[in-house]
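A.B. asks: Handing you a structure now.
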Ligand code: SF4
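Numbering (our numbering), first residue to last: 40 to 386.
As structure tokens, then:
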């Protein structure tokens, strides 16, 4: 593969159209080409049977397809399927399909590795390699959509951006991919079915508000006490809880959206009643929902699960403050389904 060539999926539809018209081609050719790339998920020019061969040859001298290939997959007894993808330059990242009674949710990655270094996260241990491009993120989603239809008999209903990487550290590529996923000329997914999760890059949360995003935002909080959050999420040393709260209030004022907080229960670390009080105090600044997540231990880590008694008391406190709270059971425990675990193992 010639890496000097530009990935054709990184052009927007209008850019591609202008490019073809500039080459002297008719506008309808651009429509055909866009359909192959964005609707049919073509992975090469050869597949494009209604595009004349001379034009395909010309385009393949200018562009390439930076496809992501599924190199390994594993299925859990609970139905969760995890896939290890590889980019053209041999970088590996993960995507997961999580089926439930009436839908399939894809959990997708936006970076290869991550530089945020959260103490409980296997991806953090991998270090950071590079951002995924918008074309690679789109192709990952398209591939998961195809896999969902093959395995479960229906396409993706929801997407959560909670896989490897911090999406707000790859802002432009992630938003470009989301725009493409939501375009009626492509997968046509409603932005309301997409949730982006961030560890709390405060200025970028404000940027999302200024960009008037229509997808959902969730904050990986995991502690509402600065000294504790500093330990488990180093990003808190740069953007502490006061800055994060300010960004969240700005986001809510501009978008009117309800924030979801993710709270990973770590036994003996963030699961006391004082932690629960700090959490409800922090989250009361705007309408919200709290998602309690049970911890998925991985080989060699120091964290453990919260016991059921502490979990129950914690949840009771949140409910007593009239905040909507749900418990997310860990899925795919038998297949290392938490973020980064599979890539770590295959590494
Ligand atoms: S939890 Fe998310 S932000 Fe933190 S290290 Fe893992 S991938 Fe990065």
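Each residue gets a CB set at the ideal place from its N, CA and C atoms; glycine is no exception.
1) If you count every other CB in all the chains shown that lies within 10 Å of the CB of residue 312, and 16 or more means buried, which is it?
2) Between the Cα of residue 69 and the Cα atoms of 45, 82, 95, 46, which residue gives the shortest distance?
3) In the DSSP assignment, what residue or residues form a beta bridge with residue 138?
4) In chain order, what residues have a CB nearer than 5 Å to some heavy atom of the ligand SF4?
5) Taking the alpha helix (DSSP H) that residue 60 falls in, what are its first and last residues?
6) In chain order, what are the residue ranges of uninterrupted beta strand (DSSP E) at least 3 long that sit wholly in the segment 314-361?
7) Quick check: the segment 285-295 against the segment 260-270, are at least 3 beta-carbon pairs closer than 8 Å?
8) Would you check if there are 3 or more beta carbon pairs closer than 8 Å linking the segment 326-341 to the segment 356-365?
9) Nearest to residue 352 by alpha carbon, out of 81, 310, 303, 41?
10) If you draw a straight line from the C-alpha of residue 248 to the C-alpha of residue 239, how long is it?
11) Suppose you measure from the CA of residue 187 to the CA of residue 76; what does that come to, to the nearest Å?
12) DSSP three-state label for residue 152, please.
13) By the 10 Å Cβ neighbour count, where 16 or more other Cβ atoms means buried, how is residue 159 classified, buried or exposed?
14) If you drop the 5 nearest sequence neighbours on each side, which residues of the same chain put their C-beta closer than 7 Å to that of residue 54?
15) Would you check if the distance between the CB atom of residue 109 and the CB atom of residue 124 is smaller than 9 Å?
16) Starting from residue 123, trace the beta strand (DSSP E) in both directions and tell me its first and last residue.
17) From this set, 143, 116, 183, 97, which residue's C-alpha is nearest residue 59's C-alpha?
18) Quick one, which of 205, 119, 257 has its alpha-carbon nearest residue 191's?
19) Taking the alpha-carbon positions, what's the residue 193 to residue 141 distance?
20) DSSP beta-bridge partners for residue 89?
21) Grab the span of the alpha helix (DSSP H) containing residue 180 for me, first residue to last.
22) What do you get for residue 226, buried or exposed, if any count of 16 or more other CB atoms within 10 angstroms of its CB means buried?
23) Compute the beta-carbon to beta-carbon distance between residue 272 and residue 157, rounded to the nearest angstrom, for a pair I have assumed lies under 8 Å.
24) Roughly how many angstroms separate the alpha carbons of residue 65 and residue 93, rounded to a whole number?
25) Can you tell me which of the three DSSP states residue 210 falls into?
C.D. replies: This is what the structure gives:
1) It is exposed - the Cβ of residue 312 has fewer than 16 other Cβ atoms within 10 Å.
2) When each option's Cα is compared against that of residue 69, the closest is 95.
3) DSSP, once it has assigned bridges, lists 143 as partnering residue 138.
4) Every residue with a CB closer than 5 Å to a heavy atom of the ligand SF4 is listed here in chain order: 153, 155, 157, 160, 162, 163, 205, 238.
5) Taken as a continuous stretch (DSSP letters only), the alpha helix (DSSP H) holding residue 60 covers 52-61.
6) Correct list: 327-333.
7) Too few Cβ pairs lie closer than 8 Å, so no.
8) Yes, the segment 326-341 is in contact with the segment 356-365.
9) Of the candidates 81, 310, 303, 41, the one whose C-alpha sits nearest the C-alpha of residue 352 is 310.
10) Computed Cα separation, rounded: 14 Å.
11) Each residue's Cα considered, the two are about 19 Å apart.
12) In this structure, residue 152 counts as strand in the three-state DSSP scheme.
13) Residue environment analysis places residue 159 among the buried positions, since at least 16 neighbouring C-beta atoms fall within 10 angstroms of its C-beta.
14) There are no such residues.
15) Yes, they are a contact pair.
16) Counting along the chain, residue 123 sits inside the beta strand (DSSP E) bounded by residues 120-125.
17) Checked all of 143, 116, 183, 97; the closest Cα to residue 59 is 97.
18) Among 205, 119, 257, the Cα nearest to that of residue 191 belongs to 119.
19) Looking at the backbone, the Cα of residue 193 and that of residue 141 are separated by about 9 Å.
20) Secondary-structure assignment with DSSP links residue 89 through no beta bridge to anything.
21) Here the alpha helix (DSSP H) through residue 180 covers 173-191.
22) Buried: at least 16 other Cβ atoms inside 10 Å.
23) With a Cβ gap of about 5 Å, residue 272 and residue 157 count as contacting.
24) Between the C-alpha atoms of residue 65 and residue 93 there is a straight-line separation of about 14 Å.
25) Judged by DSSP in its simplified three-state form, residue 210 adopts helix.
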